[in-house]
Structure formats: C-alpha cells, structure tokens
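Under full-length UniProt numbering, the sequence shown has 146 at position 146, and the numbering climbs by one with no breaks. Beta carbons are placed, not taken as given, at the ideal position from N, Cα and C, and that holds for glycine. Just so we're clear, the structure is a prediction, and the values are computed from it rather than from any experiment.
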Amino acid sequence: MHQMTLAEIARGLADKKFSSEELTKNLLARIAQLDPQLNSFITLTEDLALQQAKAADARRANGESGALLGAPIAHKDLFCTQGIRTSCGSKMLDNFKAPYDATVVAKLAAAGAVTLGKTNMDEFAMGSANESSYYGPVKNPWNLEHVPGGSSGGSAAAVAARLLPAATGTDTGGSIRQPAALTNLTGLKPTYGRVSRWGMIAYASSLDQGGPLARTAEDCAILLQGMAGFDPQDSTSIDEPVPDYSASLNGSLQGLRIGVPKEYFGAGLDPRIADLVMASVEALKKLGAVVKEISLPNMQHAIPAYYVIAPAEASSNLSRFDGVRFGHRCENPKDLIDLYKRSRGEGFGPEVQRRIMVGAYALSAGYYDAYYLKAQKIRRLIKNDFMAAFNEVDIILGPTTPNPAWKLGAKNSDPVAAYLEDVYTITANLAGLPGLSMPAGFVDGLPVGVQLLAPYFQEGRLLNVAHQYQQNTDWHTRTPTGF
1 MHQMTLAEIA
11 RGLADKKFSS
21 EELTKNLLAR
31 IAQLDPQLNS
41 FITLTEDLAL
51 QQAKAADARR
61 ANGESGALLG
71 APIAHKDLFC
81 TQGIRTSCGS
91 KMLDNFKAPY
101 DATVVAKLAA
111 AGAVTLGKTN
121 MDEFAMGSAN
131 ESSYYGPVKN
141 PWNLEHVPGG
151 SSGGSAAAVA
161 ARLLPAATGT
171 DTGGSIRQPA
181 ALTNLTGLKP
191 TYGRVSRWGM
201 IAYASSLDQG
211 GPLARTAEDC
221 AILLQGMAGF
231 DPQDSTSIDE
241 PVPDYSASLN
251 GSLQGLRIGV
261 PKEYFGAGLD
271 PRIADLVMAS
281 VEALKKLGAV
291 VKEISLPNMQ
301 HAIPAYYVIA
311 PAEASSNLSR
321 FDGVRFGHRC
331 ENPKDLIDLY
341 KRSRGEGFGP
351 EVQRRIMVGA
361 YALSAGYYDA
371 YYLKAQKIRR
381 LIKNDFMAAF
391 NEVDIILGPT
401 TPNPAWKLGA
411 KNSDPVAAYL
421 EDVYTITANL
431 AGLPGLSMPA
441 GFVDGLPVGV
451 QLLAPYFQEG
461 RLLNVAHQYQ
471 QNTDWHTRTP
481 TGF
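Now the structure itself:
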C-alpha cells in the first residue's frame, strides 16, 4: 500500500480496493516503525487522521468522489492547524496550538484529505538542510548520514521514505524544490499569490509560497489542485482562475522552446550534475522540444540580494514573538525589556537570531538605502531578465542544486556555504515565478534534481513537461534502500 502514488490511491479508493481507514492505519503503523530513523515528523495526529478517514469513507459511500477524498497527507509544521501544535520547528512556538486552520489546511480538509501529522522543518523555515530545527535534524532516507535539504526536509523525507504519498511544503528561496531534488521527489513552487498564505506563519512575506511535494508530477497536480485558488483573507492572493492541472499533463511537447542559461554552468556546479542536466535536455529533445542557450546576466547578484531582503522581512515578521502574547516566555523577568530579551534569546535558535540581526541591520536608518533598497532594485533586474528570456523560450531548465546532499553537520560552521546551495532556486522567489524540481539521476547514490521555470501562472506547463519526462524515464520510481 505504501508504494502507491496519490493517483494510484485515488483510483484504488474509487474502485473500492481498500478503504481510507485501512490505508490510514497502514501508514500510521509504518510511520511509527520507520520515522525514528528519520525524525521527519514533529507531531502525529492519529485520532484526527482516523476520524477524517472514516468521514471520507462515508462520503464515498454516499456517492461523492474526488482525487483527494480519503488520501493521506501531512503538513509542514508552519501551516496553522486548529487545536494542534504548530511549532515552526522552534522552541519559541513549542507550546503553541493554533486557534484556526490555515486556508491550505482547510481547503485540503474540505477536499477530503486525511492529515497524518505535522512535519519537521528548519526553524521558522530558515535553512537549507533541516538541521536548525529545535526538534533535531531530519535525515535523508537515501543515506541517513546526509541532509534531506530544507526547510521542507521533513515533508520531503517522509514522502521519499514512502511514509505517505504527498505532503505540503513552503518555498521562500527553494525550500520545496531543493529538498525535492535531494530526496528524489517532484516539488512545485507555484506563482507567488497562487496559493493562499493565510495561516502560513511568515518568514519573508514577499517570497513565501506554499506548494506540493510528491513522487510524481501527476501527484503534484492533484495536490496543487486542492491548494490553489483566490483567498479574500490573504491580501497577496491573486484572483486568477485555477485550471485543471491534471487535464494538461498529457499535452505534446512538440515545438516546446526550452532555454538553458549559460550562467547555470559556472564553477560552483558539480560536473556530474551538469551531465545529468544535459541528459534531461536530450530526453526532452527526443519528445519534440527545441533547446537554445539563453542568458540571465543578473543571476550572479541573486544570493546577496536575497540574503538582504529575506532577513529584513524576517526581522519584521518575527518581532511579534516577544514573550507577551503567545509562544515561549522566560522565567521571572525583571522588567519588560528583560522579558523581551530573554524570551527571544531562549526561544530562537542561532540561525534565526543570525537572520534577525542581519535584517535589522539592513533596515536600520543608516543602511536602508545602501542595502535593502539596492537589493530590491537588483530584484527588479532579475525579474526583467526572466521576462526577456520568456520572450524567446517557453520554459527555462537547469540544475536545482549545485551539489548532491551533503553530510549532516558538514556546513554548520560556514552558513554562507549552505546559503550557496540555493543559488539556482532563489531567483524564482525574487521574481515570483513558478518553479518545479524533478528527479533526473544519481551521483554517488544520492538523488539529483533538474529545475524547470515558467512564466507566471504556467504551473500547468511545468507539470506537463515533468509528467512527459517521467513517462519516458524511471528516476522518480527509485526507492531508497530499507524503505
């Protein structure tokens, strides 16, 4: 049962081959058995899951149908879930139970999805390895000595280890696509505003976007269908019709124009990954695509711009965690200032503190123009590069990450080395574009992903290309040993 994709589960439930309750009990037992090796979950919601599964079975018995009706999923632990701990991987929110459901959680529950639990993550989504969590690092099921990527590493590890078929994640600078690449999954960051951010605890508000993590493009299409749509409660949500993503999966790639940026193949890229990227290009050419080299000249400025903008927004967003209203509060404060200082000092881990300090510095009176304003101007130049490129090509293809998964702890003493792992993913967040990572091979037994980028609201095109690629390759079908 655990080897089935979301699409196979939907067909099995529709054909009454098994019930949602049977499937849910099977996966909960599997999580209890295997997750101690991975640490991919922070909270398991067994009672809620069985209740939702029974309700889904009853709805099917009454004639209802739907691809998500009775399908088991999990949520990254920064989506608010009513009455359930929503920790953001932080001591600061270890005792916080959300009083409401995030829009994404509510939409998927209404579609009949069964929530098995909340997955581990980098603290407040700040990290590229899932090592900054208060609850300990997540381990990569392909090699337990290596990281699964971050910040959605818990969701990625759980799906890769076949603990469940799909999960939600969030992507601020690559936090869906990068762990998808490092764990052999398909992960999609939608266009900014396509999926509601209401009830999704903010890291950097102009960059954060929720999306699906699953084994196949077909499964990502199913999950995105349930997540996407306009939300009047979210001022950044876009009122744009949501197409049927599954309906466009089988479209021909004949004549599709693929752009490969020359800037992607610089000194930092592992040459073995470069070879796998070019092999995926050749596979798409056989399906009828036309490939040309393009240029994204301002890509070199993406990392410094991102690591000014994101910490600046984080320092503002995280100012609400002050020990007064909710979250961690220090013992016996002497006065209000002591309460603020010690609550925040005790509640936030080193990576979060580092980014808050960088962000506060960049926004301070003497440095706002020199850093934050300049970074926003670079952001516009990066967006302009993409707009010019999309006049020539339909999608852009390149590596998702410059290296395969690294060993746990290998980059802890050098945060900048970890930041550089996001070099290919952060440009999509700065420009607000949709991006997808799909499995494309292995280096030293560790998975490698290829990234596709498309114009705004062209998620269907990304899913179509990835699905056609997956119909002609078998990388996405490989399972880690022992799982």
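{"query": "Nearest neighbour of Y307, chosen from G66, L339, A418 and P141 [CA to CA]", "result": "A418"}
{"query": "Beta-carbon spacing of A53, S20 below 7 Å", "result": "yes"}
{"query": "For P437, the three-state DSSP class (helix, strand or coil)", "result": "Here residue 437 turns out to be Ser, not Pro, going by the sequence shown. DSSP places S437 in strand when its eight states are reduced to three."}
{"query": "Residue span of the alpha helix (DSSP H) that contains V393, given as start and end", "result": "Segment: none, V393 is in no alpha helix (DSSP H) and carries neither H nor E."}
{"query": "V277 burial status per 10 Å Cβ neighbour count (16 or more: buried)", "result": "buried"}
{"query": "Cα-Cα separation between N429 and P190, rounded to whole angstroms", "result": "10 Å"}
{"query": "Given 8 Å, three or more beta-carbon pairs between the region 239–254 and the region 337–357", "result": "no"}
{"query": "C-beta contact flag for A410 and N140 at 7 Å", "result": "no"}
{"query": "Which listed residue (L27, A71, G211 and L296) has its alpha carbon closest to that of E46", "result": "L27"}
{"query": "Backbone secondary structure at E293 - three-state DSSP", "result": "strand"}
{"query": "Under 7 Å between C-beta atoms of P434 and W142", "result": "no"}
{"query": "Buried/exposed call for I275, threshold 16 Cβ in 10 Å", "result": "The question names Ile, but residue 275 is Asp in the sequence shown. Per the 10 Å Cβ criterion, exposed."}
{"query": "Under 7 Å between C-beta atoms of Y424 and G441", "result": "no"}
{"query": "Contact check, residue 491 vs D122, beta carbons under 7 Å", "result": "Within the shown structure, residues of the chain are numbered from 1 to 483, placing residue 491 beyond reach of any answer."}
{"query": "Beta-carbon contacts of R342 that lie in its chain and below 7 Å, excluding the five residues immediately before and after", "result": "C330 and P333"}
{"query": "DSSP three-state assignment for V104, whether helix, strand or coil", "result": "helix"}
{"query": "Whole-angstrom distance between V416 and Y368, CA atom to CA atom", "result": "22 Å"}
{"query": "Contact set for F96: own chain, Cβ-Cβ below 8 Å, skip 5 residues either direction", "result": "R85, T86, S87, F326 and G327"}
{"query": "Buried versus exposed call for Y100 [16 or more other C-beta atoms within 10 Å across all chains shown]", "result": "exposed"}
{"query": "Top-ranked residue by Cα proximity to Q233, from A106, A166 and I294", "result": "A106"}
{"query": "Assumed close pair G127, L68 - CB separation to whole angstroms, cut-off 8 Å", "result": "That belief does not hold up - the Cβ atoms of G127 and L68 are roughly 30 Å apart, past 8 Å."}
{"query": "Distance CB(G117)-CB(A74) smaller than 7 Å", "result": "yes"}
{"query": "S155 versus N120 - alpha carbon distance", "result": "7 Å"}
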